[in-house]
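1 is the number of the first residue of the sequence shown in my numbering; add one for each residue after it.
Report on one structure; see the data block that follows.
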Amino acid sequence: MTISIRPCDAVLGAVIEGMSLAQVPNSALIEEIETALEKFGVLVFRNQHLSPRQQIEFSQAFAPLELTELEKARLPDYPEIFVVGNVGNGLVSFAPAVPGGELEWHTDHIHHEVPARASLLYALEVPAQGGDTLFACMYHAYNNLDKEKQDLCLQLEGINSAEGLEHFLKRQSLGDTTSSVGKRQYQYIKRPLVREHPISGRRALYFGNQVTIGIDGWEDEDARRFIYELTEHACQSAFRYRHQWENGDVVLWDNRRVLHAGTPYDVVNTRRHMHRTTWRETEPVRLVV
Ligand code: OGA
Ligand code: MN
1 MTISIRPCDA VLGAVIEGMS LAQVPNSALI EEIETALEKF GVLVFRNQHL
51 SPRQQIEFSQ AFAPLELTEL EKARLPDYPE IFVVGNVGNG LVSFAPAVPG
101 GELEWHTDHI HHEVPARASL LYALEVPAQG GDTLFACMYH AYNNLDKEKQ
151 DLCLQLEGIN SAEGLEHFLK RQSLGDTTSS VGKRQYQYIK RPLVREHPIS
201 GRRALYFGNQ VTIGIDGWED EDARRFIYEL TEHACQSAFR YRHQWENGDV
251 VLWDNRRVLH AGTPYDVVNT RRHMHRTTWR ETEPVRLVV
């Protein structure tokens, strides 16, 4: 199979043509895709037709998969699929409730013991308007900090917790949509604010504007302000690719390098229905200074 790779008009992202994800890739194709994923951060595949089983088998060729903890995001009989949208058991959204609302920039599962290496999101049905997904390149974000800020970030560890996501969702009146915590205690997971990509060795900022609720050793107020300002810089439009979904699109992103955020859509009058497979991280999250 010969695939073609067309870079998007942005600092990250490429469209891959000439392949169907319904077939399990051979080792040469796996390598091509992994190389492209490292190079572009976000890969788009159009016009796909995937059964849950085919999406799982394609994804498993690259990595072990996460099982869906959140009950309303589970697809019966397919624990590896995470259902996103407003079709099914209830609303599962990563977006503000209204246009112009605060975004939830994040990298998947930074607040879990084992984070996600990459995520593959397949659009079965999307609204004609709204519900875009934004992606921001954290290589660019880090490289474009001034030297003093870079040195500071290299010394810091973020504290990450579902608590931050729940507060965000409460402010949107969307309730408990991304967490499976329920009445359990929250976990607080420390991560270096800058991580090195295990393939490229490049440095990327690693945090989320809602999920990173503190900085180790800092007062909450100072940490909040710092994360807010870091997000303004890191997720500025010059570092972004915006994906406007069409039915049949698959987008694969590298959680080691990219932050992403959903944008709102009309959840009452339109339908958005997506299946995600989440590739478990297999390398340590680290920074070598
Ligand atoms: C996700 C996610 C964004 C969107 O599935 O991890 O963040 O636009 N989705 O649905
Ligand atoms: Mn996500």
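Where a beta carbon is used, it is the ideal one built from N, C-alpha and C, also for glycine.
Computed from a predicted model, the values in this text were never measured in an experiment.
Near the ligand MN: ASP254 beta-carbon under 7 Å from a heavy atom: In the sequence shown, residue 254 corresponds to position 254, counting from 1. Result no, Cβ not under 7 Å from the ligand MN.
Where the alpha helix (DSSP H) through ASP151 begins and ends: Walking along the sequence shown from the start, residue 151 turns up at place 151. Note, ASP151: alpha helix (DSSP H), 147–154.
Heavy atom of the ligand MN within 7 Å of PHE45 beta-carbon: One-based indexing of the sequence shown puts residue 45 at position 45. Incorrect: PHE45 has no Cβ contact closer than 7 Å to the ligand MN.
Closest Cα partner of VAL11 within the set THR133, GLY85, CYS137 and THR35: Residue mapping note: residue 11 aligns to position 11 of the sequence shown, counting from 1. Comparing C-alpha distances from VAL11 to each of THR133, GLY85, CYS137 and THR35 shows the shortest one belongs to CYS137.
DSSP three-state assignment for ASN247, whether helix, strand or coil: Locating residue 247 in the sequence shown gives position 247, counting from the first residue. Residue state, collapsed to three classes: coil.
Presumed contact (8 Å Cβ cut-off) between GLY130 and ASP266, rounded CB distance: Stepping through the sequence shown from its first residue, residue 130 is reached at position 130. Stepping through the sequence shown from its first residue, residue 266 is reached at position 266. Contact flag correct, Cβ pair sits at about 6 Å.
Check: HIS106 C-beta below 7 Å from any heavy atom of the ligand MN: Mapped onto the sequence shown, residue 106 falls at position 106. Yes, since a heavy atom of the ligand MN falls inside the 7 Å radius drawn around the Cβ of HIS106.
Cβ-based neighbour list, ASN247, same chain, cut-off 8 Å, excluding 5 preceding and 5 following: By one-based count along the sequence shown, residue 247 stands at place 247. Excluding positions up to five away in sequence, the list reads ALA123, LEU124, GLU125 and VAL126.
Under the three-state DSSP convention, the category MET274 falls into: To locate residue 274, count along the sequence shown from 1; it is residue 274. Correct three-state label for MET274: strand.
Proximity test, PHE82 beta-carbon vs the ligand MN heavy atom, cut-off 7 Å: Residue mapping note: residue 82 aligns to position 82 of the sequence shown, counting from 1. No - the ligand MN has no heavy atom lying nearer than 7 Å to the Cβ of PHE82.
Extent of the continuous beta strand (DSSP E) to which ILE5 belongs: By 1-based counting over the sequence shown, the position of residue 5 is 5. Note, ILE5: beta strand (DSSP E), 4–7.
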